[in-house]
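Going left to right, the sequence shown walks through residues 2 to 705 as our numbering numbers them.
Step one of this worksheet: look at the structure below.
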Amino acid sequence: MIKYFDKITSFHILMPLIMLLGVTLVFLPFGFNLIGFIEEWGVFDVLKDHGPLYFLTKNTPIATHRMRPLAFLPFSIGHQLDPNSFFYWNILQFLFIWLKGVAVGAILWWLYPQRWIAILGGLLFILYPADTQQLSLRILSINSSVAALVGAIACVLWAARFKDLWVRIVLACSAGVLFLCACFMYEAAFLLAPMPLLLWWAKYGMRDGWRFLKSQKLIIFFWLAALLIEAGYLFWVGGDPDIYQKDVSNNLGNTLKLIFNQAPLLVTVGFYRTFLHSWYDAARMLLTGGDWIVFLPIAVVPILLLVLCLCVKDSSSDKNESWFFIRWLVASAFIIILGYLPFLSFPGYYMTTQRTYLFAGIGGALICTGLIAAFRMRFRWVGAGMASGLLLLGVTAQWTQFTHYNAIAGKMKTILSGILESAPRLDPKQNLLIIDRTGSLGHTMMLRGELLKGALNCLYGKSTPQVAICLEPGLLWSSFNLGKFNHMGRCEEQQDAWQIGQGLPGAFTLPKKQLVTLIIEKDGQVHPHTTNPAIPPATSSEQARWIKFLGCWPAKACRVKSQPTILPDHFTFNFSQWWDLEEPIPGAGWGASQWGLPAWQPRSFAWIIEPKSTLLFYLNPRPEPYLMELGLAHIISEQTKQDMKIFLNDHAIKYNWLDEMHTQAKIDPAWLIEGVNELLFLTDIDPSQGVSLGIEYVKVLPCH
Numbered sequence: 002m003i004k005y006f007d008k009i010t011s012f013h014i015l016m017p018l019i020m021l022l023g024v025t026l027v028f029l030p031f032g033f034n035l036i037g038f039i040e041e042w043g044v045f046d047v048l049k050d051h052g053p054l055y056f057l058t059k060n061t062p063i064a065t066h067r068m069r070p071l072a073f074l075p076f077s078i079g080h081q082l083d084p085n086s087f088f089y090w091n092i093l094q095f096l097f098i099w100l101k102g103v104a105v106g107a108i109l110w111w112l113y114p115q116r117w118i119a120i121l122g123g124l125l126f127i128l129y130p131a132d133t134q135q136l137s138l139r140i141l142s143i144n145s146s147v148a149a150l151v152g153a154i155a156c157v158l159w160a161a162r163f164k165d166l167w168v169r170i171v172l173a174c175s176a177g178v179l180f181l182c183a184c185f186m187y188e189a190a191f192l193l194a195p196m197p198l199l200l201w202w203a204k205y206g207m208r209d210g211w212r213f214l215k216s217q218k219l220i221i222f223f224w225l226a227a228l229l230i231e232a233g234y235l236f237w238v239g240g241d242p243d244i245y246q247k248d249v250s251n252n253l254g255n256t257l258k259l260i261f262n263q264a265p266l267l268v269t270v271g272f273y274r275t276f277l278h279s280w281y282d283a284a285r286m287l288l289t290g291g292d293w294i295v296f297l298p299i300a301v302v303p304i305l306l307l308v309l310c311l312c313v314k315d316s317s318s319d320k321n322e323s324w325f326f327i328r329w330l331v332a333s334a335f336i337i338i339l340g341y342l343p344f345l346s347f348p349g350y351y352m353t354t355q356r357t358y359l360f361a362g363i364g365g366a367l368i369c370t371g372l373i374a375a376f377r378m379r380f381r382w383v384g385a386g387m388a389s390g391l392l393l394l395g396v397t398a399q400w401t402q403f404t405h406y407n408a409i410a411g412k413m414k415t416i417l418s419g420i421l422e423s424a425p426r427l428d429p430k431q432n433l434l435i436i437d438r439t440g441s442l443g444h445t446m447m448l449r450g451e452l453l454k455g456a457l458n459c460l461y462g463k464s465t466p467q468v469a470i471c472l473e474p475g476l477l478w479s480s481f482n483l484g485k486f487n488h489m490g491r492c493e494e495q496q497d498a499w500q501i502g503q504g505l506p507g508a509f510t511l512p513k514k515q516l517v518t519l520i521i522e523k524d525g526q527v528h529p530h531t532t533n534p535a536i537p538p539a540t541s542s543e544q545a546r547w548i549k550f551l552g553c554w555p556a557k558a559c560r561v562k563s564q565p566t567i568l569p570d571h572f573t574f575n576f577s578q579w580w581d582l583e584e585p586i587p588g589a590g591w592g593a594s595q596w597g598l599p600a601w602q603p604r605s606f607a608w609i610i611e612p613k614s615t616l617l618f619y620l621n622p623r624p625e626p627y628l629m630e631l632g633l634a635h636i637i638s639e640q641t642k643q644d645m646k647i648f649l650n651d652h653a654i655k656y657n658w659l660d661e662m663h664t665q666a667k668i669d670p671a672w673l674i675e676g677v678n679e680l681l682f683l684t685d686i687d688p689s690q691g692v693s694l695g696i697e698y699v700k701v702l703p704c705h
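Set out below in structure tokens:
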């Protein structure tokens, strides 16, 4: 008994520490420097004006999200800890990812009491590569929901192992409360309510499982009570016409029909991405490398130590028969289905890997752990080798994801710091017009349209007047108020005013009197227009606040951080290298990046949606001839393809079609400049579809 107690105690200390090491390894190259991308700035702005929103009701701000009444709880806690930065949001993200690993480790310790297998499973869940948005701050509430869910399942499973009544009551009650919290943060957690039964069946089988289950009436009571409370709440709130999820909750029949019609996608997309493609992508990420490569030896050392531990004979388990492992794998597969199923209720969600695999990843981690445990029973070194490979790929995937979001944050900090430096203070009567020659502010991940106003409200510490963004070329109005075929409106300069988005919802006029105009140049530098009214300089306290938000100051320091230190001698842009980790397109006139149907290596592309579209790229050209290569994904008409004109830094490019979808052209090296170069595409937009050509990639390469 003492030996068993010592083993439990040591595991309960060792496992959380190793999970802490795993999460620390993920954050090590990057720290806690991520900022908001999309809704985060708006949430921060609401919390600034209204205080913490711990529980949403019909009478609170953002009441449309009350189907998830606790969704803003983690954001509110982070804002309360520091109302002038995203630092504690990063800390909470770290905490929830750690708790996810700890809870899954506890579940596996209950299912298969071999400590190193349980620890491995927790680490695999932390590092699982299927979802590409685990580290973005906008997922903070979903990560907290997943952490609460797996914590609830761990509590309900372990409650059945204790004989002490009060311990059972505390664990069962905790399970119910945590499950409710998980559902109140993100309602997709509700569909994973059968997960304890699946794991119970995996451990005991049907006959023994049913016999043991009948003796757990207290635990069943608390779990069913939590289910009924959540179901009642969804029924009560779901009928309201003003909630965010009204299209799903108010049209249940259509939603179920949509899920049924898209059910094959559970296999062709859900299982495929969760169990196969995510690891293939992670392997490509490892081979491609990145700035994080210098940290790879630090990751290899603990992984090798864990492999050695897996090779050591562990405590014997009474669940070593093949049928147990089969039940384990089948139960895990059903968990993947339950985790992915809610997202089939939204058209098009099957094409994204952002947030759609955070719940399905639970089943994915359990399947991988089960396979390794089964191999380890007979071929110890094979199982250990599989474990080391998956851990290394998982770390690589998380670092690549972190690099992606860190790069976007760097570009955003460059623009925001430039705006603050050029217009450090706005009078209540002064409006702001931004002429963006980079096209960056037309991308959703780069503070498109109305999102910029929310960010500036946070940075200025007060509500800003009207803010308009006009993208060049074409003076396109960056906004979510779109016209036919989702085309942007226009900014039109008149003698005394700017007309913004005429003919579209939300159009407005900016009088030139008291108008502050800023210009973002192609290299990201921001400067005021010569006609601007005088603006007083920023105070030291304002600058200190901006440093807390952005982590850099002045604007030049932010710009240096976001730009490459060594300019490449070539340019390759394929809109995204990894499934749904698309880069903001460095230019204007493009639709959002899209993906071809799921394949072993899904193709990304973007439609040209304006007569003039640009791509900007940094280059340090060699003194030798260059080639431009262009690949098409889709063609609206042959005439549009043949009439396309391409210019490089105002020089017309004469190209030849190699086949129907690929073209090539020689480039005079004198046309290329050190620094920012511009490719300009002139195309005819099809009036019936609003697009011209779907571009898959663009390359500018030395001939040799």
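Glycine included, each C-beta is placed from N, C-alpha and C at the ideal position.
Since this is a predicted model, take the numbers as computed values, not measurements.
Extent of the continuous beta strand (DSSP E) to which residue i belongs
{"i": "proline 703", "result": "694–703"}
{"i": "glutamate 493", "result": "490–494"}
{"i": "asparagine 678", "result": "676–683"}
{"i": "isoleucine 436", "result": "432–437"}
{"i": "proline 474", "result": "First-last for proline 474: undefined, no H or E at that position."}
Nonlocal neighbours in the same chain, by C-beta distance under 7 Å from residue i, ignoring five residues either side
{"i": "cysteine 369", "result": "Leu125, Leu391"}
{"i": "leucine 453", "result": "Leu442, Val468, Ile470"}
{"i": "proline 688", "result": "none"}
{"i": "isoleucine 304", "result": "Ser389, Leu392, Leu393"}
{"i": "phenylalanine 223", "result": "Ala173, Cys174, Ala176, Gly177"}
{"i": "aspartate 7", "result": "Interpretation of aspartate 7 is limited by its pLDDT of 49, a score under 50 that renders its predicted location unreliable; the figure taken from the coordinates is listed afterwards. Hits under 7 Å: none found."}
Reduced DSSP category for residue i - H, G, I as helix; E, B as strand; rest coil
{"i": "histidine 405", "result": "helix"}
{"i": "proline 197", "result": "helix"}
{"i": "methionine 629", "result": "strand"}
{"i": "aspartate 292", "result": "helix"}
{"i": "threonine 641", "result": "helix"}
{"i": "glutamine 263", "result": "coil"}
{"i": "glycine 691", "result": "coil"}
{"i": "isoleucine 127", "result": "helix"}
{"i": "alanine 666", "result": "strand"}
{"i": "glutamine 399", "result": "helix"}
{"i": "isoleucine 36", "result": "coil"}
{"i": "isoleucine 521", "result": "strand"}
{"i": "isoleucine 14", "result": "helix"}
{"i": "isoleucine 586", "result": "coil"}
{"i": "histidine 444", "result": "coil"}
Option nearest residue i by Cα separation, candidates the options
{"i": "alanine 284", "options": "Phe574, Val396, Val147", "result": "Val396"}
{"i": "cysteine 553", "options": "Gly450, Pro670, Ile416", "result": "Ile416"}
{"i": "phenylalanine 576", "options": "Pro569, Thr518, Ala593, Lys513", "result": "Ala593"}
{"i": "leucine 433", "options": "Ala653, Gly290, Pro670, Ile520", "result": "Ile520"}
{"i": "glutamate 675", "options": "Ser638, Arg623, Leu266, Leu631", "result": "Arg623"}
{"i": "proline 343", "options": "Trp110, Ala589, Leu267, Thr401", "result": "Leu267"}
{"i": "glycine 364", "options": "Gln217, Pro626, Lys101", "result": "Lys101"}
{"i": "methionine 709", "options": "Thr664, Gly123, Ala232", "result": "Past the boundaries of the shown model lies residue 709; the chain is included only from 2 to 705, so the question cannot be answered."}
{"i": "leucine 141", "options": "Tyr89, Leu659, Gln665, Ala508", "result": "Tyr89"}
{"i": "cysteine 310", "options": "Ile548, Gly386, Tyr350, Gly490", "result": "Gly386"}
{"i": "tryptophan 99", "options": "Gly440, Val147, Thr275", "result": "Val147"}
{"i": "tryptophan 499", "options": "Ile436, Lys549, Ala535", "result": "Ile436"}
Range covered by the alpha helix (DSSP H) that runs through residue i
{"i": "glycine 544", "result": "Glycine is not the amino acid found at residue 544; the sequence shown has glutamine there. Unbroken alpha helix (DSSP H) run through glutamine 544: 541–551."}
{"i": "isoleucine 647", "result": "Element bounds for isoleucine 647: not the alpha helix (DSSP H) but the beta strand (DSSP E), 646–649."}
{"i": "phenylalanine 326", "result": "323–341"}
{"i": "lysine 613", "result": "Segment 613–620 is the beta strand (DSSP E) holding lysine 613; no alpha helix (DSSP H) there."}
{"i": "glutamine 94", "result": "88–112"}
Same chain, Cβ closer than 6 Å to residue i, neighbours up to 5 away in sequence not counted
{"i": "proline 70", "result": "Phe56, Leu57, Phe185"}
{"i": "serine 11", "result": "none"}
{"i": "lysine 700", "result": "Thr573, Glu630"}
Cβ neighbours of residue i in the same chain (closer than 8 Å, five flanking residues each side left out)
{"i": "leucine 15", "result": "Arg116, Ile120"}
{"i": "phenylalanine 653", "result": "First, the residue type needs correcting, since residue 653 is alanine and not phenylalanine in the sequence shown. Hits under 8 Å: Lys646, Ile647."}
Neighbour flag for residue i against chain C, beta carbons, 8 Å
{"i": "alanine 361", "result": "Of the protein chains in this structure there is only one, and it is not chain C."}
- Message: Is it the case that the stretch 472–485 contacts the stretch 74–88, given that we only count it when at least three CB pairs across the two stretches are under 8 Å?
- Response: Too few Cβ pairs lie closer than 8 Å, so no.
- Query: Are the stretch 129–141 and the stretch 175–185 touching by the rule of at least three beta carbon pairs closer than 8 Å?
  - Reply: No, the stretch 129–141 is not in contact with the stretch 175–185.
- Query: Counting Cβ pairs, one atom from each stretch, are 3 or more of them under 8 Å apart for the stretch 554–563 and the stretch 416–426?
  - Reply: Yes, since at least three Cβ pairs between the stretch 554–563 and the stretch 416–426 fall closer than 8 Å, the two stretches touch.
- Message: Could you check whether the stretch 609–620 touches the stretch 577–591, counting it as contact only if at least three pairs of C-beta atoms, one from each stretch, sit closer than 8 Å?
- Response: Yes, they touch.
- Message: Between the stretch 323–336 and the stretch 201–221, can you find at least three pairs of beta-carbon atoms closer than 8 Å?
- Response: Judged by Cβ distances under 8 Å, the stretch 201–221 makes contact with the stretch 323–336, as three or more pairs qualify.
- Task: Determine contact between the stretch 454–461 and the stretch 522–535, defined as no fewer than three beta-carbon pairs at a distance below 8 Å.
- Result: No, because fewer than three Cβ pairs between the stretch 454–461 and the stretch 522–535 fall closer than 8 Å, the two stretches do not touch.
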